[in-house]
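A quick write-up on the structure given underneath.
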Amino acid sequence: MPTYVCSVRPGLLDERQKAEIAEAITRRHHEVTGAPTYFVQIVIDEKATADRYLGGQLANDQIWIRADIRAGRTVEQRSGLMLAIMRDVSRIAGVDETTIWVYLCNLEATDMVEYGHVLPAPGQEQTWFDALPVKLQDHLVSLGVKKGEFHL
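What the sequence shown shows, in full-length UniProt numbering, is residues 1 to 152, in sequence order.
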């Protein structure tokens with residue numbers, strides 16, 4: 001958690017752009033919420049069978065980003081996060097900001113299991129991390145997380 005699904009038409013983004021978008025969204029989510037980066041999942045969904053329409057007109061350059069995140073973030077945090085992601089994706093993809101839609105969907109932390117454990121409430125990441133088995137802590141650290149890095 002969070003999971004960001006970026007729906008785009010096939011061929012709109014190259015591999016470098018996809019990687020940059022994944023890095024940018026991960027960074028923005030961490031900066032705004034303080035959540036560890038190992039929680040952030042990015043899916044670039046390029047379905048050749050999906051045609052997107054807006055107002056009855058084909059919208060080939062539309063990028064739609066839907067994210068399931070833990071509830072408990074302020075309006076300012078959520079708004080700032082969505083706008084920062086929109087600007088980053090626009091710059092990376094080379095498309096106009098008006099073609100990017102970002103939706104944040106809030107779920108209670110107790111409604112999610114990751115790494116074999118129910119997720120912590122925002123702000124409780126360090127306590128959650130400290131209670132994990134050492135082997136799992138080591139794995140998360142190998143993903144670039146530093147113990148004590150969590151801040152909200």
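Every residue gets a Cβ at the ideal spot worked out from N, C-alpha and C, and that includes glycine.
Keep in mind it's a predicted model, so treat the numbers as computed, not measured.
With the cut-off set at 8 Å, would you say Phe93 and Ile63 are in Cβ contact? If you number the sequence shown from 1, residue 93 lands on position 93. If you number the sequence shown from 1, residue 63 lands on position 63. Checking the sequence shown, residue 93 turns out to be Ala, not Phe. Result yes, Cβ atoms of Ala93 and Ile63 sit closer than 8 Å.
Determine the burial state of Pro133: buried for a count of at least 16 other Cβ atoms within 10 Å of its Cβ, exposed for fewer. Working through the sequence shown from its first residue, we reach residue 133 at position 133. The residue in question, Pro133, is exposed, as its Cβ has fewer than 16 Cβ neighbours within 10 Å.
Contact between the segment 98–105 and the segment 126–140 (3+ Cβ pairs under 8 Å): no
Can you tell me where the alpha helix (DSSP H) with Gln77 in it begins and where it stops? Stepping through the sequence shown from its first residue, residue 77 is reached at position 77. Counting along the chain, the alpha helix (DSSP H) containing Gln77 begins and ends at Val75 to Ala93.
Quick check: Ala67 and Pro2, are their CB atoms within less than 8 Å of each other? Taking the first residue of the sequence shown as 1, we reach residue 67 at position 67. Taking the first residue of the sequence shown as 1, we reach residue 2 at position 2. In contact: Ala67 and Pro2 (Cβ atoms closer than 8 Å).
Mind checking which residues open and close the beta strand (DSSP E) that includes Val102? The residue given as residue 102 occupies position 102 in the sequence shown. Here the beta strand (DSSP E) through Val102 covers Ile100 to Leu107.
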